[in-house]
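The sequence shown begins at 796 in the numbering used here and counts up one residue at a time. Idealized CB from N, CA, C, for every residue including glycine.
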Amino acid sequence: MTRLILAIQFLTRLPTPQLKEFKDEWLAEAARWFAPVGLLLGALVAGAGYLSARLDPALSAWVMLAVWVILTGALHLDGMADVADALGAAHRDKTRLLAVMKDPHLGVFGVVTLILQLSGKGVLLMLAARQNLWAGLVLIPAWSRLGILYWQTLPPLAPGMAERFAWKIPFAARRIELAALLAASLLLAPALVAAPLVAWLYRRWLTARLGGITGDCLGAGVEVMELALLGVLVTASFLPGIPLSFP
């Protein structure tokens, strides 16, 4: 339970019992709970959206987006903004890239990226509310946080959060969570079986563009995957012949 509490504390702002002690290795061990915590987050976001959708889908989208940001404390949005600033200002200089990521100030690249990310999520959430894609909305945060376990095996570019996650995580735990999410997606939201492909594409980009991983890159990956899967889910709902769920 200590690892589960730590995972909830790390990924959300939900109230939890306070831990009396902390060891660095616990954070890597807690990572096996990231996908279940994602399911909890998705259930809360989708639940808030479902209730408010009775009034208006646009209102539902705003409520879901607000709940999503508040419950996560904008943790991954911060990482995405840092990566965007670094990529925009580094000009392929790895030393400069890492220096910009560490800079606490927000630049224009980060601001524009956050605007596009939040507006994109808002529009897609509104369309998802109109189509009643609630099961898919529950699963998307889980898929995105499972991606962390896949990306963190890349070489860390600098000491920090990514290096902590690079410690050993049982492969069996990752395999079981992957199988469970695939089964749930096939049953409830078949379009989301594309999630492993999205995670793989982001890992390929990290390898080709950066050659490794940082904590900010992990956060950015969660946001990228959430937006991409929202797009896949909504797009599939408009395509004829693609079931939203299997009977």
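Distance, residue j Cα to residue i Cα
i, j, result
"Leu-822", "Ala-879", "26 Å"
"Gly-883", "Asp-898", "14 Å"
"Ile-865", "Met-859", "10 Å"
"Arg-798", "Pro-831", "12 Å"
"Leu-987", "Ala-978", "10 Å"
"Phe-1033", "Leu-983", "16 Å"
"Ser-847", "Gly-931", "17 Å"
"Pro-1035", "Ala-881", "41 Å"
"Leu-935", "Gly-837", "The sequence as given places Ile at residue 935; Leu does not occur at that position. Their Cα atoms are separated by approximately 7 Å."
"Pro-950", "Pro-852", "43 Å"
"Pro-954", "Val-895", "15 Å"
"Trp-857", "Val-840", "11 Å"
"Ala-994", "Leu-1024", "10 Å"
"Phe-1041", "Leu-1022", "With a pLDDT of only 48 at Phe-1041, under the threshold of 50, the placement of this residue in the model should not be trusted, and no figure is reported."
"Met-796", "Leu-892", "38 Å"
"Gly-844", "Ala-924", "7 Å"
"Arg-969", "Arg-827", "7 Å"
"Ala-760", "Glu-816", "With the chain covering only 796 through 1042, there is no way to say anything about residue 760."
"Ala-1031", "Ser-980", "13 Å"
Per-residue burial, residue i [other beta carbons within 10 Å of its own, 16 or more giving buried]
i, result
"Ile-803", "buried"
"Gly-942", "buried"
"Gly-1016", "buried"
"Val-933", "buried"
"Trp-1000", "exposed"
"Ser-855", "buried"
"Glu-1018", "buried"
"His-900", "exposed"
Neighbourhood of residue i by C-beta, 8 Å cutoff - its chain only, sequence neighbours within 5 removed
i, result
"Ile-800", "Thr-811, Pro-812 and Leu-814"
"Phe-829", "Ala-802, Leu-806, Arg-940, Leu-941, Ile-943 and Leu-944"
"Arg-808", "Ile-865, Leu-866, Thr-867 and Gly-868"
"Thr-1002", "Leu-949"
"Glu-916", "At residue 916 the sequence reads Lys, which differs from the Glu that was named. Here the set comprises Leu-860, Trp-863, Glu-1021, Leu-1022 and Leu-1025."
Beta-carbon contacts of residue i that lie in its chain and below 7 Å, excluding the five residues immediately before and after
i, result
"Gly-1026", "Leu-919"
Near the ligand NAP: residue i beta-carbon under 8 Å from a heavy atom
i, result
"Thr-890", "The model on display carries no ligand, and the ligand NAP is accordingly not part of it."
Beta-carbon gap between residue i and residue j smaller than 9 Å
i, j, result
"Met-1020", "Ala-990", "yes"
"Asp-877", "Asp-1011", "yes"
"Gly-833", "Met-875", "no"
"Gly-1044", "Asp-873", "In the structure displayed, the chain extends from 796 to 1042; residue 1044 sits before or after that span and is not available."
"Leu-795", "Thr-1009", "Because the chain spans 796 through 1042 in this model, residue 795 falls outside it and cannot be assessed."
"Arg-1004", "Trp-946", "no"
"Gly-1029", "Leu-922", "Per the sequence shown, residue 1029 should be read as Val rather than Gly. In this structure, Leu-922 lies closer than 9 Å to Val-1029 by Cβ."
6 Å Cβ shell around residue i - same chain, five flanking residues per side excluded
i, result
"Leu-992", "none"
"Gln-926", "Ser-1032"
If we require 4 or more residues per run, which alpha helix (DSSP H) segments fall completely within the segment 963-1041? 966-983, 990-1004 and 1010-1033
Taking the runs of the alpha helix (DSSP H) that are 4 residues or longer, which of them lie wholly in the segment 886-951? Correct list: 889-897, 903-925 and 929-946.
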